DNA sequence: AATAATTCGAACCGATCGGTTCGATTCCCC
DNA sequence: GGGGAATCGAACCGATCGGTTCGAATTATT
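Chains as they are written, first to last, in the working numbering: chain Y, 1 to 238; chain U, 1 to 238.
Written as structure tokens, this is what we have:
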């Protein structure tokens, strides 16, 4: 069983090391590792953790079963590596919108739209469903997924809202809760329908935008100050 | 494999029939059926659909495996019967609050609190997680669960909001979406944390009430009319 | 007590499971 | 080309799976 590879941020560096140093040691080839994970991904997402067999994964990845066990100690470790990669991909770049300055309403709409589109996209819904389903077998898996994904995002939303409060544009008694409210308003009628497979297709861009605009309107109606209203009016007049 | 039993509303009637008619035919004994389902429930909820074995269920239910197969054609049918019973239990009585008249804000708080407490309770989270996890194997299961549960509840919330609109207490452009918004505001920061097992315990009553009150405040700040404000003010003065 | 029917529980079936082993093949460096 | 190491792929292991079978035990009625 291989030592864990350095994290994904250094993939390029490892590839260069590989080129410089010679053939990777057993279990240390990032290309082979990715090949395994990608094949595993397709099977786990299709069948869930329990029903996905290592024989299926062997075929799908196009490697030998023995090789898989050189890279990963067992099925669970392979699954956890996969989920860790998924998490990184899903939440990458999602909160950068909030680092922009400018019109508050437009920024919130941009953020809500990006969040909602991502969270309800078919691929991400499948991944989330797989994580949720596996939580019975691997209890800390879902928690870690949430901790390093949505929770960190929540902290960034909070920081953003705090800035808006300081600028006098919002007045919020409980910023922590307000950040959750903003997120859930952006997902109203969408996430739960998707995760229960009540919807078989991702929501359209138009629907997401409609949901998000309405959610942001509700949010700003509740928390927006007179100063915000004045700024928006001045901006509309210009 | 037994004919499906009449639905749960007639359990008492069937028991009386059983007393009058003599011994139930093979596979027709509601007591035995419930015994199987209850044992199955504990195993499915503990392990999920795939990892729960019929041997486990046989032991847990305290019946013979052959008997289980007299009552249910296969593992899937047993699981679907269980989920159907769960759904009935979970959503029973949840929306009756909305049939009451009286103070709008208080009614919404009562509804949101009941909804949130139920949806995030440990038992129901486990059931929902099991349903979501099994959706990969039985695709229409989650959809049916949502259709007959949350979706029907949504329709009742919508009807309630429509009445409030007619009474001039709310002004809502998209009542369908507003109903989803109200529900998700009541679950903000709660449902997703629970379903991903980020929280290992159900939220406290105090937390739920705080979330719901804030959510209802946001909702009414956005959609409440001057007439509502006047009524609440008159009610406060009295 | 006799009888008929339901249920029990042990054994069974073919299939698959996760994980291991090992000679053969391939790959890469010198 | 040779050598060493990574990977392959087939076979294997003990265990378990969902579902079936059937004589024995139990239950309920007459």
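Heads up, the beta-carbon is just placed ideally off N, CA and C, and yes, glycines get one too. This structure is a prediction, so every number in the text was calculated from the model and none was measured.
Review point. Ends of the alpha helix (DSSP H) at residue 54/Y?
Key: Where residue 54/Y is concerned, the enclosing alpha helix (DSSP H) stretches over 54 to 61.
Point to revise | Ordered list of alpha helix (DSSP H) runs contained in the segment 136 to 191 of chain U, each at least 4 residues | key: Correct list: 139 to 146, 152 to 166, 175 to 186.
Review point. Quick one: any contact between the segment 105 to 120 of chain U and the segment 198 to 216 of chain U, if contact means 3 or more CB pairs under 8 Å?
Key: Result yes; three or more Cβ-Cβ pairs closer than 8 Å.
Point to revise | Cβ of residue 51/U within 8 Å of any chain Y Cβ | key: Residue contact check for residue 51/U against chain Y: a CB pair falls below 8 Å.
Check your understanding: Within 10 angstroms of its Cβ, does residue 237/U collect 16 or more other Cβ (buried), or is it exposed?
Key -> Around the beta carbon of residue 237/U, fewer than 16 other beta carbons sit within 10 angstroms, so the residue counts as exposed.
Check your understanding: With contact counted as at least three CB pairs below 8 Å, one residue from each stretch, are the segment 19 to 36 of chain U and the segment 132 to 147 of chain Y in contact?
Key -> Contact fails: fewer than three Cβ-Cβ distances are below 8 Å.
Review point. Would you call the CB atoms of residue 91/U and residue 149/U closer than 8 Å?
Key: Taking 8 Å as the cut-off, the Cβ atoms of residue 91/U and residue 149/U count as close.
Review point. Looking at residue 49/U and residue 133/U, is the spacing between their C-beta atoms short of 8 Å?
Key: Judged by their CB atoms, residue 133/U and residue 49/U are nearer to each other than the 8 Å cut-off.
Point to revise | Under 7 Å by beta carbon: chain Y residues contacting residue 215/U | key: Neighbourhood of residue 215/U in chain Y, by CB distance below 7 Å: 181, in chain order.
Check your understanding: Under a Cβ-count criterion, where at least 16 other Cβ atoms within 10 Å of its own Cβ denotes burial, should residue 86/U be classed as buried or exposed?
Key -> The residue in question, residue 86/U, is buried, as its Cβ has 16 or more Cβ neighbours within 10 Å.
Practice item. Verify the CB distance criterion: does residue 197/Y have a CB-CB separation below 8 Å to chain U? Key: Chain U, which has a Cβ nearer than 8 Å to the Cβ of residue 197/Y, makes this yes.
Review point. Where does residue 215/U land, buried or exposed, given buried means 16+ other C-beta within 10 angstroms?
Key: In this structure residue 215/U is buried. Its beta-carbon is surrounded by 16 or more other beta-carbon atoms within 10 angstroms.
Point to revise | Any 3 or more C-beta pairs closer than 8 Å across the segment 37 to 47 of chain U and the segment 77 to 85 of chain U | key: When Cβ pairs closer than 8 Å are counted between the two stretches, the segment 37 to 47 of chain U is seen to touch the segment 77 to 85 of chain U, the count reaching three or more.
Review point. Of the residues that make up the segment 107 to 134 of chain U, which ones have a beta carbon closer than 9 Å to any beta carbon in chain Y?
Key: Against chain Y - using a Cβ distance shorter than 9 Å - the residues of the segment 107 to 134 of chain U are 126, 128, 129, 130, 131, 132, 133, 134.
Practice item. Assess, as a yes-or-no matter, whether the segment 47 to 64 of chain U is touched by the segment 122 to 133 of chain U under the definition of 3 or more beta carbon pairs within less than 8 Å. Key: Result yes; three or more Cβ-Cβ pairs closer than 8 Å.
Check your understanding: Got a sec: is the Cβ-Cβ distance from residue 148/U to anything in chain Y below 8 Å?
Key -> Not closer than 8 Å to any Cβ of chain Y, the Cβ of residue 148/U fails to qualify, so no.
Point to revise | Selected residue, minimal CA-CA separation from residue 223/Y, among 184/Y, 207/Y, 173/Y, 186/Y | key: In terms of Cα proximity to residue 223/Y, the closest of 184/Y, 207/Y, 173/Y, 186/Y is 173/Y.
Exercise for review: Give a yes or no on contact between the segment 178 to 185 of chain U and the segment 150 to 160 of chain U, applying the rule of three or more CB pairs nearer than 8 Å.
Suggested key: Verdict: yes, contact present.
**Study point:** Secondary structure of residue 88/Y, DSSP reduced to three states
**Key:** Under the three-state reduction of DSSP output, residue 88/Y falls in the helix class.
Check your understanding: How big is the Cα-Cα spacing for residue 100/U and residue 235/U?
Key -> So the two alpha carbons sit approximately 17 Å from each other.
Check your understanding: DSSP puts residue 224/Y in a beta bridge; with which residues?
Key -> Partner(s): 170/Y.
Check your understanding: Hey, how far is the Cα of residue 55/U from the Cα of residue 33/U?
Key -> One alpha carbon belongs to residue 55/U, the other to residue 33/U, and they sit about 17 Å apart.
Exercise for review: Taking residue 73/Y as part of the alpha helix (DSSP H), name the residues at either end of that continuous run.
Suggested key: Boundaries for residue 73/Y: no alpha helix (DSSP H) harbours it, and the DSSP string shows neither H nor E there.
Review point. Does the beta carbon of residue 232/U come closer than 8 Å to any beta carbon on chain Y?
Key: Chain Y contact via Cβ: absent.
Check your understanding: Does any CB atom of chain Y fall closer than 8 Å to the CB of residue 188/U?
Key -> Taking 8 Å as the threshold, the shortest C-beta distance from residue 188/U to chain Y falls below it.
Check your understanding: Hey, does residue 155/Y have any beta-carbon neighbour from chain U nearer than 8 Å?
Key -> The Cβ of residue 155/Y sits no closer than 8 Å to any Cβ of chain U.
Practice item. Would you kindly check if the distance between the Cβ of residue 218/Y and the Cβ of residue 165/U is under 8 Å? Key: Residue 165/U is not a Cβ neighbour of residue 218/Y, given a cutoff of 8 Å.
**Study point:** Inter-residue spacing [alpha-carbon to alpha-carbon] between residue 178/Y and residue 210/U
**Key:** C-alpha separation (whole angstroms): 12 Å.
Exercise for review: For residue 67/Y, collect the residues of the same chain with a Cβ closer than 8 Å to its Cβ; drop the 5 residues on either side in sequence, then sort them by chain order.
Suggested key: Excluding positions up to five away in sequence, the list reads 32, 36.
Exercise for review: State yes or no: is the C-beta of residue 124/Y within less than 8 Å of the C-beta of residue 111/Y?
Suggested key: Against a cut-off of 8 Å, the Cβ pair of residue 111/Y and residue 124/Y comes out as no contact.
Check your understanding: Cβ atoms of residue 63/U and residue 27/U: under 8 Å apart, would you say?
Key -> Note that the C-beta distance between residue 27/U and residue 63/U is not below 8 Å.
Review point. When the cut-off is 8 Å and only beta carbons count, does residue 78/U lie next to chain Y?
Key: Taking Cβ atoms only, chain Y never reaches closer than 8 Å to residue 78/U, which makes this a no.
Review point. Does the beta carbon of residue 142/U sit closer than 8 Å to a beta carbon anywhere in chain Y?
Key: Yes, contact with chain Y.
Check your understanding: Does any CB atom of chain Y fall closer than 8 Å to the CB of residue 229/U?
Key -> At a cut-off of 8 Å between beta-carbon atoms, residue 229/U makes no contact with chain Y.
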